[in-house]
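In the numbering used here, the protein residues as written are 13 to 335. Where is the CB? At the ideal position from N, CA and C, for every residue including glycine. Single-structure report; data block below.
This is the structure in structure tokens:
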């Protein structure tokens, strides 16, 4: 009798371990595993298993069925041999109830709650068992392959999912309201284009490359822009560069009134199209180390400008006064 009880307890325990591992494995998202893998070699093993989830699933399901079905048959044979077949039904009912509660429900709840600890510590054993069950996994995948075509979308998360997680983190208090707003606004940059933010050509103050500093001193002293677009002396809409207003003002104060704009010209200005996305534009501002982009059309003619602070204001709000 004691040996039957011990065998039942052993089967329940083994099945409970498998159930906890299964629940923990599926509760650990690939995003979290990627984060853990920066510090833990176990997480890197878990990441490998997660990306090869078909093999891991076959391994877990196979182990669970071997222990459950094989164990039940073995217990049934022992009970029949010891007490006769009349006790088989009662024993089966008791064993099923015990396994349902102590091998499935409770272990899976534990696995879901402590998924990180269980998933990380079971990864090495699951990897070893996956190699043993690899031929079976290969066969199963060949059979089920046509029915389980993998989606072409292999991204870990979408923009909508990240936005939802930000909302959830805000509700839970994991991030503050201003941090939540900042993250949400950052996504707006991908939805807006230069045409949505540029200053129109008729509102732009620009100067010609052949003008002297004396001729443009009123523009220099009254403008609130750090950089001013410079156009060709032959074509008013053809940009040739930009000029730093403070540099020009310093030259004026030193008495260089006859100095030409061309002498202070910053060549190779940042030129962008109206369909440029603002997140790409922000990266170009950083790469080119400039604060002004000249917007051009298909004829390379200037149709507007957009400044770095206008892009940043979308994320953090108005930086300063327009004046």
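With fewer than 16 other CB atoms across the displayed protein chains lying within 10 angstroms of its CB, residue 43 is exposed.
The Cβ neighbour count for residue 316, taken over all protein chains shown within 10 Å, is at least 16; the residue is labelled buried. As the crow flies, the alpha-carbon of residue 260 is around 31 Å from that of residue 310. Under the DSSP assignment, residue 77 falls outside any beta strand (DSSP E), being part of the alpha helix (DSSP H) whose first and last residues are 65-77.
About 4 Å separates the beta carbon of residue 291 from that of residue 201, a gap short enough to meet the 8 Å contact definition. Under the 8 Å Cβ criterion, the stretch 222-236 counts as touching the stretch 268-284, having at least three qualifying pairs.
Distance between residue 228 and residue 322, taken at the CA atoms: about 25 Å. Taking all protein chains in view, the Cβ of residue 116 is crowded by 16 or more other Cβ atoms within 10 Å, so the residue is classified as buried. About 23 Å separates the CB atoms of residue 255 and residue 285; that is not less than 8 Å, and the two are not in contact. Bridge pairing for residue 305: 282, 318 [DSSP].
In the displayed model, residue 105 falls within a helix according to three-state DSSP. The C-beta separation of residue 231 from residue 217 comes to about 6 Å, placing the pair in contact by the 8 Å criterion. Put simply, the stretch 116-126 touches the stretch 25-35. At least three CB pairs are less than 8 Å apart. Looking at the DSSP output, residue 240 bridges to 255.
For residue 219, the pairing in a beta bridge is given by DSSP as 242. The beta-bridge partner set that DSSP reports for residue 205 consists of 289.
Approximately 6 Å separates the beta-carbon atoms of residue 114 and residue 28; this is inside 8 Å, confirming the contact.
Nearest neighbour of residue 48 by Cα position, chosen from 20, 109, 135, 25, turns out to be 135.
Here residue 85 is exposed: its Cβ has fewer than 16 other Cβ atoms, across all protein chains shown, within 10 Å. Contact annotation: residue 296 and residue 282 have beta-carbon atoms nearer than 8 Å. When rounded, the separation of the alpha-carbon atoms in residue 138 and residue 190 is 43 Å. Boundaries of the alpha helix (DSSP H) harbouring residue 15: 14-39, taken from the DSSP string. Checking the DSSP bridge columns, you'll see residue 49 has no partner listed.
When 226, 246, 294 are compared, the shortest CA-CA separation from residue 267 is found for 226.
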